[in-house]
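Structure first, commentary second.
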Amino acid sequence: MISVLDEHGFAMSKKFGQNFLLPLSIREKIVSQMGTIEGRSIFEIGPGLGAITSVMLGKGAFVRAFEIDHGFAQILRNEAFADEERFSLVEGDALKTLFKETERPDLIVGNLPYNVGSLIIGDIIERGLLPERMVFTLQKEVVERMCAREGGKEYSSFSVLSQLDYDVSYSFTIARTAFYPQPNVDSAVVVMKKKADSVIEKGEREKFFLLLRTLFSQRRKTIKNNLGRIIQDRDQLKEVLEKAGIDEKERAENLSLKDIVRLMRCY
Ligand code: SAM
């Protein structure tokens, strides 16, 4: 792959977070986290030069890839997978293009650019794309945050968001040496499996997201202080917290997903 990059005179773009995964064994291990993929429809975000794509196609999957880099898009379309009927490409920013799709995929995969990885995952959940499984390679610290439980210092609104519809697990670490060019952080693979039952109703989602954002808006502040932005009446606020059984001096980082859902249903 390095030779292809050199041959085409590619200068890796930092802006697009372009670090390419080299060892086949690791790419195969990532794909194996998706379960049986033969005949399944998969969205791949940031295929680059098709390192993970080729493994998935080899196993009989239907891959729709979303790539922002025009040079890579051309190679994928005209050279790498030109004769591959199970491959299609959408060129552009996945943050926009992903949500214009009319068909929903069974699975989503991506070795995501560090800078937009969490934004894309957040949007997939908030905008309700919700495939049955997602497998992402991200900066190790981002994966740790997604898997974090209440009370820990990694726990944030992104942890709650990631765990709202999915059972999230840290699958394995990938050393920085597995990438070209080598980034200055290690990566990890996260597996997100859709929960059998939704934690909240469809009609509650907007309210939940607003509450979540509000609770974590200022980490050092108490829940009571942060919540004051959406429940202005002091007496009502006190009542809501009492009803939810939450101490007014508590901080959001100590609330579980269940606590937040209970609180949401108290006003
Ligand atoms: N999948 C390849 C691999 O594992 O070797 C490349 C991974 S590289 C970390 C990230 C890829 O995402 C690059 O190809 C980059 O151009 C692409 N990318 C970056 N931002 C994007 C965006 N907003 N939408 C779609 N693709 C994006």
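Take the sequence shown: its position 243, counted from the start at 1, is 242 in numbering that gives the first Met the number 0, and no numbers get skipped. The C-beta atom is built at its ideal place from N, Cα and C for all residues, glycine as well.
Any non-hydrogen atom of the ligand SAM closer than 6 Å to residue i Cβ
i: residue 115; result: yes
i: residue 17; result: yes
i: residue 185; result: no
i: residue 232; result: no
i: residue 46; result: yes
i: residue 20; result: yes
i: residue 112; result: yes
i: residue 173; result: no
i: residue 105; result: no
i: residue 36; result: no
i: residue 93; result: yes
i: residue 79; result: no
i: residue 68; result: yes
i: residue 65; result: yes
i: residue 251; result: no
i: residue 51; result: yes
Beta carbon of residue i nearer than 7 Å to that of residue j
i: residue 33; j: residue 167; result: no
i: residue 187; j: residue 172; result: yes
i: residue 226; j: residue 251; result: no
i: residue 111; j: residue 45; result: yes
i: residue 92; j: residue 15; result: no
i: residue 211; j: residue 156; result: yes
i: residue 104; j: residue 41; result: yes
i: residue 145; j: residue 170; result: no
i: residue 88; j: residue 76; result: yes
i: residue 201; j: residue 131; result: no
7 Å CB neighbourhood of residue i in its chain, flanking five on each side removed
i: residue 198; result: 163, 256, 260
i: residue 117; result: 141, 157
i: residue 253; result: 149, 150
i: residue 83; result: 56
i: residue 159; result: 211, 256, 259
i: residue 230; result: 236, 239, 266
i: residue 126; result: 98
Contacts around residue i, its chain only, beta-carbon distance under 8 Å, and the 5 residues preceding and following it disregarded
i: residue 85; result: 56, 59, 60, 61, 62
i: residue 43; result: 51, 52, 55, 62, 63, 64, 65, 107, 108, 109
i: residue 178; result: 18, 19, 20, 21, 186
i: residue 38; result: 59, 60, 61
i: residue 121; result: 157, 160
Beta bridge counterpart(s) of residue i as assigned by DSSP
i: residue 165; result: 193
i: residue 87; result: 63
i: residue 133; result: 107, 191
i: residue 40; result: 61
i: residue 235; result: According to DSSP, which records beta bridges pairwise, residue 235 is partnered with nothing at all.
i: residue 186; result: 138, 173
i: residue 179; result: 19
Cutoff 6 Å; reference residue i; Cβ partners in own chain excluding five residues on either side
i: residue 220; result: none
i: residue 190; result: 32, 134, 168, 170
i: residue 113; result: 16, 138
i: residue 248; result: 221
i: residue 228; result: 213
Residue i classed as buried or exposed, judged by whether at least 16 other C-beta atoms fall within 10 angstroms
i: residue 223; result: buried
i: residue 207; result: buried
i: residue 71; result: buried
i: residue 136; result: buried
i: residue 181; result: exposed
i: residue 79; result: buried
i: residue 139; result: buried
i: residue 97; result: buried
i: residue 47; result: buried
i: residue 209; result: exposed
is_contact[residue i, chain B] using C-beta, thresh 7 Å
i: residue 122; result: This model lacks chain B altogether, as it is built from one protein chain only.
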